[in-house]
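Working notes, structure below.
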Amino acid sequence: MATASGGMDSTADGLWEAHYHHDAIATRTLGFWLYLLSDAMIFAGLFAAYGVLSHSYNAAGGPTLHTLVNPLSAYGETFAVLTSVLAYGGAMVALKRNNRTGVLVGLGAAFILGSVFLGLEVQDFARLFHAGIYPQDSGYLSAFFALVMTHGLHMAFGLLWMAVMFVQVGTQGFTDKTVYRLLNLKLFWHFQAVIWVLVFTFVDLRGVL
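My numbering numbers the first residue of the sequence shown as 896 and each following residue consecutively.
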């Protein structure tokens, strides 16, 4: 429940007590945990397919990983993702302190850094398409584009969700709904960072070694 000042009533529904006891919110996030588990299974399948098809034989005489990876872009994307997660963590600290401005600043910084990541990834895809490299050219390229693009789509959805939360926090304050949505978004955003670290390790680093 929101107070007249836009803050959250610390006694309402046991959602935001002095010791941050989140039983009600934890119950509401259970379904989201199940979603993350299903998403993890999807990425596990994509990584498995990439591992099987990453042999040069499956490139069908076409480009291999060393041609696909741009080291500077990969490092820039990694920096953008990790700093975006750090900025969102700052927003969560502000949330515990009932600081709406701090949450908005953290969300804004996380959104900008996430957009930098997505912009660099789109630039990479544009470079590959301009060079005539497409997913249908070989089994290896199909696995490569499926893995990286699936993660990119998740990041785009996360940015859309973040923009919606920015508006909701700015207009509604810390209601019970905005709080558990922010917490679910935190789980989602951290999960995408973990997936990117795996992509960076098993795809990009292998391409520059």
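Beta carbons are placed, not taken as given, at the ideal position from N, Cα and C, and that holds for glycine.
(request) Compute the Euclidean distance between the alpha carbons of I1090 and A935, then round it to the nearest angstrom. (result) 9 Å
(request) Measure the Cβ-Cβ separation of F1012 and E972 and say whether it is below 9 Å. (result) yes
(message) Less than 9 Å between the beta carbons of V1064 and V998, yes or no?
(response) yes
(request) Please say whether L1042 and V851 have beta carbons closer to each other than 9 Å? (result) With the chain represented from 896 up to 1104, any question about residue 851 goes unanswered, as that position is not in the structure.
(request) Buried or exposed for W1084, please, with buried defined as at least 16 other CB atoms from any protein chain shown within 10 angstroms of its CB. (result) buried
(message) Output needed for L1054: all residues of its chain with C-beta closer than 8 Å, excluding positions within five of it in sequence on either side, in chain order.
(response) F1006, G1009, S1010, L1013
(message) Measuring straight from C-alpha to C-alpha, what distance separates S1037 and A1088?
(response) 23 Å
(request) Determine, using beta carbons only, whether G1034 comes closer than 9 Å to chain C. (result) Of the protein chains in the structure, only one exists, and it is not chain C.
(request) Give the single residue among A1026, Y952, N965, L1002 whose Cα lies nearest to the Cα of V1059. (result) L1002
(message) For a test of the three-state rule: what should DSSP assign to R992, helix, strand or coil?
(response) coil
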